[in-house]
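Below is one structure, written out as structure tokens; comments come after it.
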Amino acid sequence: MANIELLILLVIGFAVLSYIITRLNAFIGAVVTIVATTIVFSALAYYGLSMNIDTTSFILPFMSFEQTYLGTYFVLIIVFIYMMVSFFHPYYVDHYRYKAAYHFLFLLSLAAVMGAFYSSNLVQLFFFFELIVWSTLFLIPMGKSKEAAVMYYGFSAFGSLAMFFGILVVYQATGFTSINALSLISGNQALMVLISFMLAGFAKLGAFPLHVWLPVAHSNAPHPFSPVLSGALVKLGAFISILALVRIAPATQLFEAIGLPFAQYAIAILGAITIVFGTLMAIKEDDAKKLLAYSSMSHGGYILVAFAVLDSVGFAGGLYHILAHALASAAAFMAIGAVARATGTTKMKELGGMIHKMPITYLVYLVAIISMAGIPPMGGFISKWLIFQTVINQGLIFIGIAVFFGSIGSFLYVFRPLAALFLGQELSVYQDKVKEAPILMLIPMIILTLMNMYTGILPSKIMGFINKVIRELGYPSVVLNGEQIVGYNGVLNPPLIAIVFGFGVVVAFIIFILLKKSRKVGLMDTYTAANFVHNEELLHYSVDFYAPLERLYEKHSTKMQEFYEKLAHKVKELGRFAKYLFMSHYVEVAVLWILTILIFVLWGEI
Amino acid sequence: MLVNILVGFAIAFFGFVLQTSVAGINRKVVARLQKRYGPRWYQEFLDIFKLLSKRSVSHGWIFDFGVIMALGGIIATAMFMPLTSSIVAFQGYDNFFIFVYLLAVGMLGMAMSASGSGNPFASIGVMRALTTMLAYEVPFMIIVLTIINLSGSSSLTEIALFQQMAGNHWFIIALPLGGLVGLIALMGMLGKKPFETYIAPAEIASGPMVEYGGKQLGMLFIMHEITVFIEVSLFVHLFLGGAENIIMFLIKYIAVYTILNLVSNVNGRLKIDQVVVFFYKWPLFLAVVQAIIAIYFGWVV
Numbered sequence: 004m005a006n007i008e009l010l011i012l013l014v015i016g017f018a019v020l021s022y023i024i025t026r027l028n029a030f031i032g033a034v035v036t037i038v039a040t041t042i043v044f045s046a047l048a049y050y051g052l053s054m055n056i057d058t059t060s061f062i063l064p065f066m067s068f069e070q071t072y073l074g075t076y077f078v079l080i081i082v083f084i085y086m087m088v089s090f091f092h093p094y095y096v097d098h099y100r101y102k103a104a105y106h107f108l109f110l111l112s113l114a115a116v117m118g119a120f121y122s123s124n125l126v127q128l129f130f131f132f133e134l135i136v137w138s139t140l141f142l143i144p145m146g147k148s149k150e151a152a153v154m155y156y157g158f159s160a161f162g163s164l165a166m167f168f169g170i171l172v173v174y175q176a177t178g179f180t181s182i183n184a185l186s187l188i189s190g191n192q193a194l195m196v197l198i199s200f201m202l203a204g205f206a207k208l209g210a211f212p213l214h215v216w217l218p219v220a221h222s223n224a225p226h227p228f229s230p231v232l233s234g235a236l237v238k239l240g241a242f243i244s245i246l247a248l249v250r251i252a253p254a255t256q257l258f259e260a261i262g263l264p265f266a267q268y269a270i271a272i273l274g275a276i277t278i279v280f281g282t283l284m285a286i287k288e289d290d291a292k293k294l295l296a297y298s299s300m301s302h303g304g305y306i307l308v309a310f311a312v313l314d315s316v317g318f319a320g321g322l323y324h325i326l327a328h329a330l331a332s333a334a335a336f337m338a339i340g341a342v343a344r345a346t347g348t349t350k351m352k353e354l355g356g357m358i359h360k361m362p363i364t365y366l367v368y369l370v371a372i373i374s375m376a377g378i379p380p381m382g383g384f385i386s387k388w389l390i391f392q393t394v395i396n397q398g399l400i401f402i403g404i405a406v407f408f409g410s411i412g413s414f415l416y417v418f419r420p421l422a423a424l425f426l427g428q429e430l431s432v433y434q435d436k437v438k439e440a441p442i443l444m445l446i447p448m449i450i451l452t453l454m455n456m457y458t459g460i461l462p463s464k465i466m467g468f469i470n471k472v473i474r475e476l477g478y479p480s481v482v483l484n485g486e487q488i489v490g491y492n493g494v495l496n497p498p499l500i501a502i503v504f505g506f507g508v509v510v511a512f513i514i515f516i517l518l519k520k521s522r523k524v525g526l527m528d529t530y531t532a533a534n535f536v537h538n539e540e541l542l543h544y545s546v547d548f549y550a551p552l553e554r555l556y557e558k559h560s561t562k563m564q565e566f567y568e569k570l571a572h573k574v575k576e577l578g579r580f581a582k583y584l585f586m587s588h589y590v591e592v593a594v595l596w597i598l599t600i601l602i603f604v605l606w607g608e609i
Numbered sequence: 019m020l021v022n023i024l025v026g027f028a029i030a031f032f033g034f035v036l037q038t039s040v041a042g043i044n045r046k047v048v049a050r051l052q053k054r055y056g057p058r059w060y061q062e063f064l065d066i067f068k069l070l071s072k073r074s075v076s077h078g079w080i081f082d083f084g085v086i087m088a089l090g091g092i093i094a095t096a097m098f099m100p101l102t103s104s105i106v107a108f109q110g111y112d113n114f115f116i117f118v119y120l121l122a123v124g125m126l127g128m129a130m131s132a133s134g135s136g137n138p139f140a141s142i143g144v145m146r147a148l149t150t151m152l153a154y155e156v157p158f159m160i161i162v163l164t165i166i167n168l169s170g171s172s173s174l175t176e177i178a179l180f181q182q183m184a185g186n187h188w189f190i191i192a193l194p195l196g197g198l199v200g201l202i203a204l205m206g207m208l209g210k211k212p213f214e215t216y217i218a219p220a221e222i223a224s225g226p227m228v229e230y231g232g233k234q235l236g237m238l239f240i241m242h243e244i245t246v247f248i249e250v251s252l253f254v255h256l257f258l259g260g261a262e263n264i265i266m267f268l269i270k271y272i273a274v275y276t277i278l279n280l281v282s283n284v285n286g287r288l289k290i291d292q293v294v295v296f297f298y299k300w301p302l303f304l305a306v307v308q309a310i311i312a313i314y315f316g317w318v319v
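In the order they appear, the protein sequences are chains A and B.
Per the numbering used here, the very first residue in the first sequence carries number 4; after that it's consecutive.
Per the numbering used here, the very first residue in the second sequence carries number 19; after that it's consecutive.
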């Protein structure tokens, strides 16, 4: 038996330990994070999957824990990503100014994650969420920019406050703050709580219209931390959204034709806008990490759509998508991180031909994007298939447009880094100095790649666990038949697809190998329409890859940015006004205001 | 299992032979249209075999690996395709989404290989192909959404059987707007004029194909023929009621392909942004109108 409280304290202990050790030797300090995350993941996986975590609390004051299938599902995914990422630490630790603090905060945020998903109390959940935000807040500026951290904090704080407001409403209505109290409220209060919780969910998930922080934070975070942000921490938003959408049932008007309550349909529409917006912005992006960040945003939209439709196949799709995207996005970010470590940039126009020096990293990225684009035989296909099932079954046409657009659009944007960064001409700048990533970095990338394949070929174990989650949420489980998944309008047999695909590749390989061997020529030896080009850069088509498509919506792409800039300006003005009123050089003015406010507050009491 | 795989492979091979012959015949048809004699009907076979036997150049391992992945993915996709209601390799698993997304593996392989050649023309071609895909796929998927919603199944044979049942029309008649959208989208899929922007031989030197020769090009030709077979068969099963027997399948298949080829030959080529604007203007609008009146109002002919 593992006690969750002891585990959390253990991680905090490791955090302190790694802080001290990193002060002495940065490399060993980084290894401590690997050991800590591995121990915690093993404990959670071993006891958590069989629901054997001891949740009694006797050290931490005011804390109460409970284990749910939903929380276990999330915590396992997130801790797994943490574990994978920690393998990167020894190679990046030299890049940070505050090495010890980085390791300390990294493990502290892990402790907070575990606390959040095992909380049985909303206030405690809020506390751990804040702990995650506060610890990660200082990790992000260790990459490039401080502004990114400010944006991240601003939106997170907005979400947290909205959630806190919701918790207060719940407490006022029911007198409890336990998570189960969510299902006790009704009427207008329920709607209010739903909206405030969804605001929190949107802010954390980076969904439209609260998405602005996401690309900035992801692209500016240190390279090993971006996979955690995108693969793990963003999923906190999905967790709150699930709590809100499933536990609270506000009585809003039903759309007769669609069969969905109005509130849910509105959330699904916002999810759909998130998908389209994220896709269009990702297509346009030149920075590989920013591109993947926008893709995370669009995948967040899929998760919202899946949960907003309120049926078990949708839930299964959403939950599976959380797993598949966490694995794929972590692998993709890590591959880009490995390239960035070798070259010092993530700008696609400055890179090219990495495949010749980093073939394994390339294959990791390839498998990750196949999963991300929802192509069989990888995990992303199964989750997208499930989401399509429910969208089609309910006849959600407008959401269908977004879902299909995002799915095809993802082919476009995931292909860009593949072509610009890994393929094409091998640029002379990097020809000598770039090497394949070291073995310790390849280990997690290869594990993630194998996991991507496993989730796409043998889904029955994972679907079995997801079914437990769905039953816990109060919906009937999805029908499984061995490895086959039964949807509304068809049966999916992932192992069969994998076998047939393997057969096809073998046939093609036999044809290839039987024919005459080809002569190997260099990359510069290409058809250039009788022009002599001696410069690799001129033969590498990677800047503004989708220029003709981008031109069609370029004008409108900065609108949200401008809106938030205006908003920020207004907030600053308000701050200046407050400063002018309260913080003048004369002490008398401040005292006057304090007195006025005191009188105002105490008006009724006296 | 093994038998099913062999049947599937036989279907894929049949598809290759069928489409290569039909393409040859169509070259003759087009030639007559332009007052020429045209090549013999088996010319396409000769081209492919000649290419396969030639010695070629390779631009590195990804160049070869991509070609293998492309052909393998397409063969795998074709193995799921039903020919008639009874000739199908994996009964019950001929899910529509498998065709759309497993096809994408092959496309990805080819795009990867082309970009790996290091020729900018190839990259431009890939960019255009993907953009075209984004254009035609969304209206097409909306219509398929309607079809699956109405017939209650995403299995191609079941959709075909649904149309063959008494009282149901073929979907091209039951959903006339949708049928039109399906035809236009099929032209986009096949890369027929006016949507052949990503090949555009006179403009970007055949786009993705520019660096290929010898066995790689031969394998991509095979891949192309099987892709066309998959896409046209998809249309036959979704919109034309499938086929009760192999003769009906051949008739429908050849009719669809020939008509599209004739239409394409009196058209010019659109620019790539025009392709996108076109598909998001009329076909998408028609598709949505069709979906709304069919799903929400239940008006189906």
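Heads up, the beta-carbon is just placed ideally off N, CA and C, and yes, glycines get one too.
Option nearest residue i by Cα separation, candidates the options
| i | options | result |
| --- | --- | --- |
| TYR119(B) | GLY84(B), GLU221(B) and MET159(B) | MET159(B) |
| ILE385(A) | GLY33(B), ASN113(B) and SER135(B) | ASN113(B) |
| ALA115(A) | GLY403(A), SER298(A), ALA103(A) and GLU133(A) | GLU133(A) |
| VAL312(A) | THR348(A), SER244(A) and GLN267(A) | GLN267(A) |
| TYR416(A) | TYR297(A), LEU476(A) and ALA152(A) | TYR297(A) |
| ILE450(A) | ASN28(A), ILE42(A) and VAL88(A) | VAL88(A) |
| LEU326(A) | PHE468(A), SER148(A), PRO447(A) and PHE130(A) | PHE468(A) |
| HIS328(A) | PHE310(A), GLY382(A), VAL437(A) and ILE286(A) | GLY382(A) |
| ILE190(B) | MET19(B), LEU24(B), MET151(B) and LEU256(B) | LEU256(B) |
| ALA210(A) | ILE278(A), LEU445(A) and TYR491(A) | ILE278(A) |
| VAL342(A) | MET284(A), LEU108(A) and PRO227(A) | PRO227(A) |
Status (buried if at least 16 other CB within 10 Å, exposed otherwise) for residue i
| i | result |
| --- | --- |
| ILE306(A) | buried |
| TRP216(A) | buried |
| PRO301(B) | buried |
| MET54(A) | exposed |
| GLN564(A) | exposed |
The beta strand (DSSP E) enclosing residue i, as first and last residue numbers
| i | result |
| --- | --- |
| GLN434(A) | It is not in any beta strand (DSSP E) - GLN434(A) carries neither H nor E in the DSSP assignment. |
| GLN487(A) | 487-489 |
Rounded distance between the beta-carbons of residue j and residue i, thought under 8 Å
| i | j | result |
| --- | --- | --- |
| GLY196(B) | THR164(B) | 6 Å |
| ALA333(A) | GLY409(A) | At roughly 20 Å, the Cβ-Cβ gap does not stay under 8 Å, so ALA333(A) and GLY409(A) are not in contact. |
| ALA223(B) | TYR530(A) | 6 Å |
| THR349(A) | ALA440(A) | Actually they do not touch by this definition, with Cβ atoms about 15 Å apart. |
| GLY281(A) | LEU208(A) | At roughly 11 Å, the Cβ-Cβ gap does not stay under 8 Å, so GLY281(A) and LEU208(A) are not in contact. |
| ILE86(B) | VAL503(A) | The pair is not a contact, with the Cβ atoms about 15 Å apart (cut-off 8 Å). |
Delimiting residues of the alpha helix (DSSP H) encompassing residue i
| i | result |
| --- | --- |
| PRO380(A) | Run containing PRO380(A): none; DSSP gives neither H nor E here. |
| TRP300(B) | 290-309 |
| TRP596(A) | 590-605 |
| ASP65(B) | 61-71 |
| PHE512(A) | 497-517 |
| PHE315(B) | No alpha helix (DSSP H) contains PHE315(B), which DSSP labels as neither H nor E. |
| ALA273(B) | 264-283 |
_Any contact between the region 306-322 of chain A and the region 383-392 of chain A? By contact I mean 3 or more CB pairs, one from each, below 8 Å._
yes
*asked:* Closer than 8 Å is the cut-off here; do at least three beta carbon pairs connect the region 229-243 of chain B with the region 27-38 of chain B?
replied: yes
*Do the region 534-547 of chain A and the region 131-141 of chain B meet, that is, are 3 or more Cβ pairs less than 8 Å apart?*
yes
_Stretch pair the region 195-207 of chain A + the region 165-172 of chain A: three plus CB contacts closer than 8 Å_ = yes
*At least 3 beta-carbon pairs within less than 8 Å: the region 205-214 of chain B vs the region 465-485 of chain A*: no
*Contact between the region 254-268 of chain B and the region 95-109 of chain B: three or more CB pairs below 8 Å?*
yes
*asked:* Below 8 Å, how does it come out for the region 97-110 of chain A and the region 240-248 of chain A: are there three or more Cβ pairs, yes or no?
replied: no
*Quick check: the region 57-74 of chain A against the region 113-130 of chain A, are there 3 or more CB pairs under 8 Å?*
yes
*Using 8 Å as the Cβ pair cut-off and three pairs as the minimum, do the region 422-441 of chain A and the region 348-361 of chain A touch?*
yes
_Which residues of the region 421-437 of chain A have a Cβ closer than 9 Å to any Cβ of chain C? Give them in chain order._
Of the protein chains in the structure, A and B, none is chain C.
*Counting pairs of beta carbons, one from the region 332-351 of chain A and one from the region 443-459 of chain A, are three or more of them closer than 8 Å?*
yes
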